[in-house]
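Residue numbers (the working numbering): 743 to 975.
Heads up, the beta-carbon is just placed ideally off N, CA and C, and yes, glycines get one too.
Since the model is a prediction, treat every value here as computed from it, not as a measurement.
Comments concern the structure below.
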Amino acid sequence: MSFVFLTFTIPIDNGDSVNNAEADSQKTLYPYVTGTSIVAIKYKDAVLMASDMGGSYGSTLRYKNIERRRLLILRYLDELVLNDNMWDDGNSLRPKEVHNYLTCVMYNRRNKFNPLCNTLVLGGVNNGESYPGMVSMIGVSFEDNHVATGFGNHLARPILRDEWHADVSFEDGVKLLEKCMCVLLYRDRSAINKLQIAKITEEGVTVSQPYSLKTFWEYKAFHNPTAGAEGFW
């Protein structure tokens with residue numbers, strides 16, 4: 743069984759954690775550093791996730807090398823996993839159960855008017871069944887064959903609805919994610935051309951080295967975007 747999750751908003755070190763739902767700190771109400779879209783898809787018996795590595799301080803691109811993936815069983819929810827292991831009943835937490843737990847945590851914090859300002863995308867594989875899911879900062883969650891956050895919901899998922907299929911291969915899945923990330927790079931001012939792709943299988947999680955996409959910026963509309971626009975000036 744493998745887990746990985748990605749964050750949409752970059753966590754600020756405020757002495758808080760996902761496990762501490764009763765924390766008094768409310769610094770998460772003011773997320774200074776935010777990330778861009780995350781896109782995840784199923785392929786055969788695994789999950790692929792893609793995101794860039796940028797972090798914006800307000801509207802200023804300040805960080806260009808942020809690792810937004812976290813190996814779940816190593817860094818987060820350690821208390822949940824340890825308590826489950828203490829039962830020693832031969833069963834382990836499945837991706838859906840962890841997803842439901844994260845949904846409860848985010849919804850609980852929302853009800854306390856002290857939300858954790860993150861949108862989480864979780865991917866896992868258990869017994870050959872791949873599972874991508876997402877949960878927002880107010881506890882809205884869903885699972886699907888493909889999920890996305892931010893502008894990805896509006897720009898990437900329409901592409902995935904048209905081109906994703908159940909038998910997509912690893913190579914085709916990577917190309918599909920790169921197409922989505924390229925569209926987001928063109929249309930999202932906060933996106934940067936430096937991304938990583940995570941592969942989640944039954945054996946474990948592997949994350950690619952950062953790389954850039956081939957882009958083309960010489961379209962005529964890019965040189966004079968207001969040409970032909972109506973106005974009084």
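For my contact list, residue i and residue j are in at a C-beta cut-off of 8 Å; report their separation, rounded to the angstrom.
i: LEU897; j: VAL925; result: 5 Å
i: PRO874; j: VAL889; result: 5 Å
i: TYR785; j: PHE964; result: About 33 Å; that fails the 8 Å criterion.
Find out if the Cβ-Cβ distance for the pair residue i, residue j is shorter than 7 Å.
i: GLY894; j: VAL775; result: no
i: ALA788; j: VAL867; result: yes
i: GLY950; j: LYS936; result: Per the sequence presented here, residue 950 reads as Ser, with Gly not at that position. Not a contact, by the Cβ cut-off of 7 Å.
i: GLY865; j: ILE942; result: yes
i: LEU844; j: VAL877; result: yes
i: GLY915; j: ILE783; result: yes
i: SER932; j: SER798; result: yes
i: MET795; j: ILE808; result: yes
How about residue i: is its Cβ closer than 6 Å to a heavy atom in the ligand MG?
i: GLU871; result: Summarising the ligand content, the structure contains no ligands, and the ligand MG is consequently not present.
Using a Cβ-Cβ cut-off of 7 Å, state whether residue i counts as contacting chain C.
i: LEU844; result: Considering every chain present, this structure includes no chain C. It has just one protein chain.
Just the Cα atoms here: how many angstroms apart are residue i and residue j?
i: TRP959; j: LEU919; result: 20 Å
i: PRO967; j: ARG852; result: 41 Å
i: GLU972; j: GLU885; result: 43 Å
i: LEU927; j: GLY777; result: 13 Å
i: VAL910; j: CYS922; result: 15 Å
i: LEU858; j: GLY970; result: 44 Å
i: ARG929; j: ASN825; result: 44 Å
i: ASN860; j: HIS907; result: 29 Å
i: GLY946; j: TYR805; result: 28 Å
i: THR957; j: LYS917; result: 14 Å
i: PRO773; j: TYR961; result: 36 Å
i: SER779; j: PRO837; result: 22 Å
i: LYS854; j: MET848; result: 10 Å
i: ASN856; j: ASN842; result: 19 Å
i: GLY870; j: THR802; result: 42 Å
i: GLN938; j: PRO952; result: 5 Å
i: SER872; j: ASN887; result: 9 Å
Would you mind reading off the limits of the beta strand (DSSP E) that contains residue i?
i: MET848; result: MET848 -> not in any beta strand (DSSP E); alpha helix (DSSP H) instead, spanning 837–853.
i: GLU972; result: It is not in any beta strand (DSSP E) - GLU972 carries neither H nor E in the DSSP assignment.
i: ARG810; result: Segment: none, ARG810 is in no beta strand (DSSP E) and carries neither H nor E.
i: GLY894; result: Unbroken run through GLY894 is the alpha helix (DSSP H), 894–897; no beta strand (DSSP E).
i: ASP794; result: 788–794
i: SER872; result: 871–877
Which residues mark the beginning and the end of the alpha helix (DSSP H) in which residue i is found?
i: HIS888; result: Run containing HIS888: none in the alpha helix (DSSP H); it sits in the beta strand (DSSP E), 888–890.
i: ALA782; result: From DSSP, ALA782 is part of no alpha helix (DSSP H) but of the beta strand (DSSP E) over 780–785.
i: PHE964; result: 962–965
In chain order, which continuous runs of the beta strand (DSSP E) of length 3 or greater are located wholly inside the region 914–953? Correct list: 937–942, 947–949.
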